[in-house]
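Structure record follows, encoded as structure tokens.
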Amino acid sequence: MTRLLASFPLAPIALAALVLGLVPVPVRADDLGPKPPMVSVVAAEKRTLAAKVTVTGSIVAREEVLVSPEIDNLRIIDILVEEGDRVEKGQTLARLSRETLETELAQLEASRARLDAGIAQARSQITQAEASRVEATAALQRSQTLRQTGNASQELLDQRTATARTAQARVGSAQDGVRVAEAQRAEMDAQIRDVRIRLGRTEVKAPAAGVVSRRTAKLGAQTAASAEPLFRIIADGALDVSGDIPESRFTQVKLGQSADIQLPNGQTVVGTVRLLSPMVNASTRLGSVRIALPPAAPALMGNFARGAIQVAQKTALVVPTAALLFGPTKTTVQVAKDGRVETRAVTVGIRAGGLAEIVEGVSDGDWIIAKAGTFLRNGDRIRPQEAPLESVLVGTVESNATLGSGN
């Protein structure tokens with residue numbers, strides 16, 4: 003009784019009268035009935051907000067180089083690299099048998115030598131034919147002169163004319179023989195070059211620098227252009243994350259945006275959006291994206307990867323997304339003002355990390371009910387209790403609609 007009286011600041015006379023029972027005890031209206039519920043509130047404040055789009059996918063080669071044999075029906079006799087090896091452009095990866103091609107080359111070179119000898123012989127025949135033609139022409143000219151003076155018969159003149167023409171024809175025939183032999187030699191040279199090219203192809207070389215991701219070459223196997231490539235190379239060792247994004251967020255992603263990629267070992271690396279698909283899959287409603295990983299990323303082809311692409315960043319007035327109430331026509335928040343609930347329609351901007359940008363409807367410093375609930379309505383009396391914004395984001399704030407008496 004003494005503790006209760008001590009809670010009332012009364013004058014001594016009034017206190018004595020109260021003890022004697024002459025004055026009634028004053029009762030406040032707020033002390034009548036149940037107390038209003040206690041709710042957690044946070045202050046609307048400005049923060050830097052980064053909007054991100056989640057992407058999941060697999061790690062793939064940015065550019066995969068297929069290495070196939072350029073010549074068929076030769077045995078693989080040596081393999082010089084294994085999966086995981088880094089190779090340079092032009093480096094020999096495997097060797098094929100050369101015996102058949104070397105034998106063919108030797109035969110062709112022998113045939114070319116015979117053609118060279120034949121051409122030399124044909125040219126000597128041209129020289130002989132030229133000499134005979136000169137001699138026949140001179141004899142014909144003498145016969146013509148003698149015929150004009152009557153010292154040679156017509157028969158001799160006709161004979162020497164025929165001899166000169168025959169000599170001229172022999173010169174032409176010898177020249178044609180040389181041209182045919184030279185054409186045959188040119189054809190032989192082409193065949194020799196072809197064999198030498200094929201001999202060069204017995205060394206299977208890397209068309210680009212990179213990392214060998216797969217080797218299917220087997221010692222003793224016969225090569226075939228239609229078979230599976232002997233090697234697969236990740237060009238320059240560069241890797242991408244190939245992932246999918248829902249169509250509702252796909253248009254927010256732009257080339258060059260950064261992305262935090264979480265690798266299977268738990269490490270996070272920063273990648274860059276490199277490619278965007280020009281279309282959305284009509285069945286899955288997903289758009290494809292390629293994110294370039296940094297060169298030193300500890301990742302392997304085929305690994306699963308999860309990432310977040312940062313699509314926007316700004317300093318804005320924010321409230322917890324848990325404070326938003328989404329209706330069929332508008333979005334609202336509940337504000338604690340003068341011990342009562344005030345429902346306000348708001349315009350929401352970007353959302354990230356459990357926070358939502360409020361473009362319109364709330365002012366800096368307004369006390370927002372941290373978790374909007376269906377038990378609170380506009381005008382309800384409440385007892386606000388400030389809660390740190392971080393505790394709301396990690397879910398440590400209890401439900402704002404708790405209706406206990408709350409001493």
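In this note's numbering, the protein residues as written are 3 to 409. All residues carry an ideal CB built from backbone N, CA and C; glycine is no exception.
Residue i - DSSP class collapsed to helix/strand/coil
i: E230; result: coil
i: Q315; result: strand
i: A301; result: coil
i: G212; result: strand
i: Q161; result: helix
i: L278; result: strand
i: V27; result: Note on V27: pLDDT 46, under 50, position unreliable in the model; the coordinate value appears next. Looking at V27 - three-state DSSP - the assignment turns out to be coil, as it is neither helix nor strand.
i: V320; result: strand
i: Q254; result: coil
i: S99; result: coil
i: I128; result: helix
i: L147; result: Here residue 147 is Thr; the residue named in the question, Leu, does not match the sequence. It is helical.
i: T168; result: helix
For residue i, the residue or residues it bridges with in DSSP
i: T94; result: K207
i: R187; result: The partner list for R187 (beta bridge, DSSP) is empty, contrary to what the question assumes.
i: L327; result: T334
i: D262; result: V272, A310
i: G245; result: G59, V291
i: I236; result: E66, V213
i: Q224; result: R77
Which listed residue (the options) has its alpha carbon closest to that of residue i
i: A318; options: R292, Q312, E362; result: E362
i: G59; options: R167, I247, T334; result: I247
i: M40; options: E230, D382, A240, L395; result: D382
i: V55; options: G367, V313, S365, L395; result: V313
i: P38; options: S70, G245, R342, Q336; result: R342
i: I263; options: V255, D238, D242, S279; result: D242
i: A229; options: M303, T218, A119, I79; result: T218
i: T274; options: Q150, S145, A211, V291; result: V291
i: R308; options: G245, A141, F252; result: G245
Supposed close pair residue i, residue j - CB separation, criterion 8 Å
i: S215; j: A63; result: 7 Å
i: A354; j: P322; result: Rounded, the Cβ-Cβ distance is 12 Å, inconsistent with contact.
i: R116; j: D191; result: The pair is not a contact, with the Cβ atoms about 14 Å apart (cut-off 8 Å).
i: L95; j: L82; result: 6 Å
i: S42; j: Q387; result: 6 Å
i: V213; j: V69; result: In fact, because the Cβ distance is near 13 Å, the residues do not count as touching under 8 Å.
i: K256; j: L51; result: Actually they are not in contact, since the Cβ atoms of K256 and L51 sit about 18 Å apart, beyond 8 Å.
Beta carbon proximity, residue i to chain C, threshold 7 Å
i: A237; result: Among the chains in the structure shown there is no chain C, since it carries only a single protein chain.
Practice problem: Output the residue ranges of the alpha helix (DSSP H) runs that lie fully inside the stretch 40-90 and measure 4 residues or longer, sorted by chain position. | Solution: Runs of the alpha helix (DSSP H) spanning 4 or more residues and lying entirely within the stretch 40-90 do not occur at all.
Self-check item: Secondary structure, alpha helix (DSSP H): runs of 4+ residues fully inside the stretch 334-404
Solution: Listed in chain order, the complete alpha helix (DSSP H) runs (minimum 4 residues) inside the stretch 334-404 are 391-395.
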